[in-house]
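Contents: one structure, followed by commentary.
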Amino acid sequence: MNTMKITFLGLVCSVLMVPAAFAGTLDTVKSQGFFNCGVSQGVPGFSNPDENGNWSGIDVDVCRAVSAAIFGDPDKVKYVPLTAKERFTALQAGEIDVLSRNTTWTLSRDAQIGLEFAGVNFYDGQGFMVRKDSGISSAMELDGASVCTNLGTTTELNMADFFRANGMAYEPVVFEKADEVVNAYDEGRCDTYTTDKSGLAAQRTKLADPDAHVVLPETISKEPLGPVVREGDGDWADVVRWSLNAMIEAEEFGLTQSNAQTTCAMTSNPVVARLCGKEGGTGAGLNLGESWSYDIVTMVGNYGDVYEKHVGENTPVGLARAGSPNASYKDGGVLYAPPAR
Amino acid sequence: METDKSKLGSFLFNRSVQGVFYQLITLGLVALGIYYIVTNTARNMLERGLASGFHFLGVESQFDIGMTLIEYSPTSTYFDSFIVGLLNTLLVAGIGILFATVIGFTVGIMRLSSNWLIAKIAEAYVEILRNIPLLLQIFFWYFAVLRALPKPKQSLELYDSFFLNNRGLFIPDTVFGEGSSIIFYLLWLTTIISIGIFIWAKRRQNRTGERFPAFYVSTALILGTFFISLAATGFPVSFEYPELKGFNFKGGIKLIPELVALTFALAMYTASFIAEVVRGGIMAVSKGQTEAAKSVGLKQNLILRLIIIPQALRVIVPPLTNQYLNLTKNSSLAAAIAYPDLVLVFAGTALMQTGQAIEIIGMVMGVYLFLSLFTSLIMNMFNRFMKVDGER
C-alpha cells in the first residue's frame, strides 16, 4: 500500500514536472503578465535606479522593448539587481528571465554554463585612464607603469596579454572592490587605471577632479555586451533577439520614437511598413501581436534614441557614438541587424 | 552457563566498553555525514557540468602578480601563483610576528613602569589600538602612507641609493660574486661554534657557578670571521642600486606600500594584545621573587632578565601563540589593499579564472590550517623548553 502510494506520488510528480520544465518562457510570461529582468546594482547609463526606484539605461531599455513587444506596454517588467557573481546563477535558476547587465559575450559563457546570448547592445572594450599632467597620449607609452584594476574579471587577463604582447613591463595593483581601485588611483598609487571604457567613463565622475584625467585612445580587448537568456528555449530567445534587432533596424530606416506615428501613416517603403506592423506578418512567427515592432519604437525608441538618451555625448556618461563600433554599419560602426522579415 | 552470563553482563555494563561503543557510534555518524557531503557535492557538480580535479594547477595562469619572491610571469602555472601567494603570506606574517613581539613586549613592560607618563602612554596605545577594527586600521595606514609619500619623480632619497615614494621603498640589492661561497660556509661554521660555546658556558655555570660572556665572545667570533674572510677574498660583494627609469625605479630591492601598510597595521594591532599578555604574565610572578632577588643583590635589569621574564614566559607563551595565529589569519585581509597574498592571488584571481572553487578554497584552508598547527607546534616546543625542571 505504502509502496504504491509512493510510486503514485512519484509518477504524479514526474508527470507534473515534465510540462513545467518544457513550458516555454514566453507562454509563462504571457500568462503571468510580466517578466523578471536581471540588471546591475547601478551603472550610470546602463542600468541605474533613480531616487524613486525607477530603472533606466540602455540595458534596461532592452527589457522595456521586450515588454512592449509582448504586452504593448514597456513597464510590465520586474527588475532584479544582481552582482557580477550572482547573475548567471539567477538566470539558470529561473529567478530572472532575461539578464541585461553589461555582460560580455564569450565562448566559455555561451558554451559551458547553459546560457544563450541574444545579441549585442553595446560594443565595449578595455581601456586605460591616466592623469593629464603625466603627458601620456598612448597606451604604448605605459612601459613600467603601475596599473590599478579590479579582481576577478577578464580585465586582469586582458591587461597581462596586452603588456606581454607589446614586450612591456608593468606592476599590477589588484583590489577586491571598485571603490578602492578608484581611491588608490586618485591617491597616486598607480599611473593608470584600467577597466571597460564605459566603466572608466562612469568611474571618472567619482574622482576628486574628473577633468584632470583622460582615457587613452587604445582599446585592448573586445567586450561585446548584450542580453542573455537560458539555453534551450528558442522561442523566448527569438523574442529577445528580435526586439533588439527591431530597435537597430528602425534606426537604420529612419523610424524614430518621435516620427514613427506620422511616418507609419504615409510610408511606401516596404521595410518601414513591415516595422510599422502594416505588412509582412512578422508578429505571428514570434507568437506576438502584429504591432510588436511599432510598439517598441513608439514606446521605447530606436537604438539611436536609446543610446543618445542614456550614454550619448549630452549625458554625464558622455560616450561619443560617431567613430565607435556602436555606430551603424553605414557610418563605419559594426551595428548591423539581420532583416526583420 | 551462569558464570558465562554474568561475565557477558559485566562486559556489557563495563564503563570503558560502553564508552568505546558510544564513541564508535559518534565516529560512524560523522563519517556518514562527511560521505553524504562529498557525494552530494560531486553529484551536484556533475549535474551542473562543473569540472573538478587538480589538473588546472599545471595550466598557464595568464595573469601577472605585483610582488613575487620567486620568478613569475603570465606563462607560469597556477601552481606557481599558489606558491607566490603562499610566500607573500608567509613574508607578511613573519615580519608582522617579529615586530608585534618587539612592540608588544616593550609596551607591556612600559605599562608596568613606575613612571606615570610612560605607563599612561602604554595604556593609551593598548586601549586605542585594540578597540578599533583591524580592517579600518589597515585602510588608515594604507591611505595615510599613500598620501604622505611623494610621486616617483620627487622621491625622498638617502645617499643616492635609498629611495622612498608612493610606489614603495627602494633599497640597493647585494650581489654576491665569485668566491663568496666560502664566506657563507665560514658563517655557518662560526654559528655552530657559537651554539657550542653557549652550551659549554651554561654547563660550566651550572657546575662551578662562574659566568662566561658567551654572547659577546660569539658575536665577536661571527662578525670578526665575516669581515676578515670578506677582506681576504677581496670583497666579492657588489651592490645594485635602484635607478629612476620612466615611471619608476628599476633594480635593487623594492618594498611595495601595501606590504608596509599591512605589516605595520598587523604588528601594531597584535602588539596591543601581546602587551596585555606580557603585563599579565609579569604580574603573575609573585612579588616575593623580586624581593628575594633584590635581597641577594641583583641589579634591576638582571632581576627582569633572570628572575621575572623566565617565570613570566611560562604564563605568556600559550596566549602569545594565540596572538601569532591571529596575526597569520588576519593577514588574509590583505585583499582589501591589493597586497598579493594567498587569498587575493589564489582564492581571488585564480579562482575567478578557473572556476574551481572547491579545490582552491580547500587548498587555501589547508594552508592556513597547516600554518596554524605548525606555529602551535613550535610554540609548544618552546613552552616545554621554558618549563621549570620537575614541573608538569
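Quick note, the sequences are listed as chains W and Y, same order. The number in the working numbering is simply the position in the first sequence, starting from 1, with 410 added. The number in the working numbering is simply the position in the second sequence, starting from 1, with 62 added. Glycine included, every Cβ here is placed at the ideal spot set by N, Cα and C.
| Item | Value |
| --- | --- |
| Evaluate S734 (chain W) with the Cβ neighbour count: other Cβ atoms within 10 Å of its Cβ, from every protein chain shown; 16 or more gives buried, anything less gives exposed. | buried |
| Check whether the region 218-232 of chain Y touches the region 300-314 of chain Y, taking contact to mean three or more Cβ pairs, one atom from each stretch, closer than 8 Å. | yes |
| Distance cutoff 7 Å, beta carbons only. Does H720 (chain W) sit that close to anything in chain Y? | no |
| Would you list, in sequence order, the uninterrupted beta strand (DSSP E) runs of no fewer than 3 residues that lie entirely inside the region 612-648 of chain W? | 623-625, 633-635 and 638-640 |
| In this structure, does DSSP put P459 (chain W) in helix, strand or coil? | strand |
| Do you know how far the Cα of L249 (chain Y) is from the Cα of L37 (chain Y)? | An answer regarding residue 37 (chain Y) cannot be provided, because it is not within the stretch 63 to 454 covered by chain Y. |
| Using CA atoms only, rank isn't needed, just tell me which of Y:S143, Y:D403 and Y:T295 is closest to P586 (chain W). | According to the sequence shown, residue 586 (chain W) is Glu rather than Pro. That would be Y:D403, whose Cα lies nearest to the Cα of E586 (chain W). |
| Return helix, strand or coil for E189 (chain Y), following the three-state DSSP convention. | helix |
| Under 8 Å by Cβ, that's how I've got N310 (chain Y) and S556 (chain W) pegged, so tell me the actual separation to the nearest angstrom. | 7 Å |
| Count the other C-beta atoms from every protein chain shown that fall within 10 angstroms of the C-beta of I344 (chain Y), then say buried if there are 16 or more, exposed otherwise. | buried |
| Under DSSP, the beta strand (DSSP E) around C558 (chain W) begins and ends at which residues? | A555 to N560 |
| Which first and last residues belong to the beta strand (DSSP E) in which T605 (chain W) is found? | T602 to D606 |
| Give me the chain W residues within the contact set of L406 (chain Y), using Cβ-Cβ distance strictly less than 8 Å, ordered along the chain. | L561, V584 and E586 |
| So with Cβ pairs under 7 Å, would you call L328 (chain Y) a contact of chain W? | no |
| In angstroms with no decimal places, state the Cα-to-Cα distance between N512 (chain W) and V429 (chain Y). | 36 Å |
| Could you tell me the alpha carbon to alpha carbon distance between F432 (chain W) and D606 (chain W), rounded to whole angstroms? | Confidence at F432 (chain W) is low in this model, with a pLDDT of 47, below 50, so the placement of that residue should be treated as unreliable; the coordinate-derived value is given next. Going by the C-alpha atoms only, they are around 37 Å apart. |
| What number of angstroms, rounded off, separates the C-alpha of P634 (chain W) from the C-alpha of F141 (chain Y)? | 31 Å |
| Could one say the Cβ of M570 (chain W) lies closer than 7 Å to chain Y's Cβ atoms, at least one of them? | What sits at residue 570 (chain W) in the sequence shown is Ala, not Met. Yes, its Cβ sits closer than 7 Å to a Cβ of chain Y. |
| So who's on the other strand from M539 (chain W), going by DSSP bridges? | W:Y603 and W:V625 |
| When you compare the CB of F309 (chain Y) with every CB in chain W, is at least one pair closer than 7 Å? | yes |
| Strictly under 7 Å for the Cβ-Cβ distance: is A555 (chain W) near chain Y by that measure? | yes |
| Could you pull the start and end residues of the beta strand (DSSP E) that N227 (chain Y) belongs to? | F224 to N227 |
| Tell me which same chain residues have a C-beta within less than 6 Å of the C-beta of V481 (chain Y), skipping the five on either side of it? | Outside the displayed range of chain Y (63 to 454) lies residue 481 (chain Y), so it cannot be described from this structure. |
| I'd like to know whether the C-beta of Q124 (chain Y) is nearer than 7 Å to at least one C-beta of chain W. | yes |
| N106 (chain Y) touches chain W at which residues, Cβ-Cβ below 8 Å? | Going along chain W, no residue has its Cβ under 8 Å from N106 (chain Y), so there is no contact; the nearest lies around 13 Å. |
| Using a C-beta cutoff of 7 Å, does D589 (chain W) count as contacting chain Y? | no |
| Could one say the Cβ of E496 (chain W) lies closer than 7 Å to chain Y's Cβ atoms, at least one of them? | no |
| Please check if any C-beta of chain Y sits within less than 7 Å of the C-beta of D460 (chain W). | no |
| According to DSSP, I233 (chain Y) sits in a beta bridge with which residue or residues? | Y:I315 |
| Which residue spans inside the region 656-711 of chain W form an unbroken alpha helix (DSSP H) run of at least 4? | 670-676, 680-685, 692-695 and 702-709 |
| What residue from Y:M107, Y:G90, Y:G81 and Y:Y97 has the CA that sits closest to E421 (chain Y)'s CA? | Y:M107 |
| Among Y:L198, Y:F75 and Y:R173, whose alpha-carbon lies nearest the alpha-carbon of L324 (chain Y)? | Y:L198 |
| Would you mind stating whether R166 (chain Y) and I378 (chain Y) have Cβ atoms separated by less than 7 Å? | Rather than Arg, the amino acid found at residue 166 (chain Y) in this sequence is Gly. Taking 7 Å as the Cβ cut-off, G166 (chain Y) and I378 (chain Y) do not qualify as a contacting pair. |
| Using the beta-carbon of each residue, which ones in chain Y are nearer than 7 Å to D581 (chain W)? | A small correction: the amino acid at residue 581 (chain W) is Glu; Asp does not occupy that position in the sequence shown. Simply G128. |
| Less than 7 Å between the beta carbons of L696 (chain W) and D648 (chain W), yes or no? | yes |
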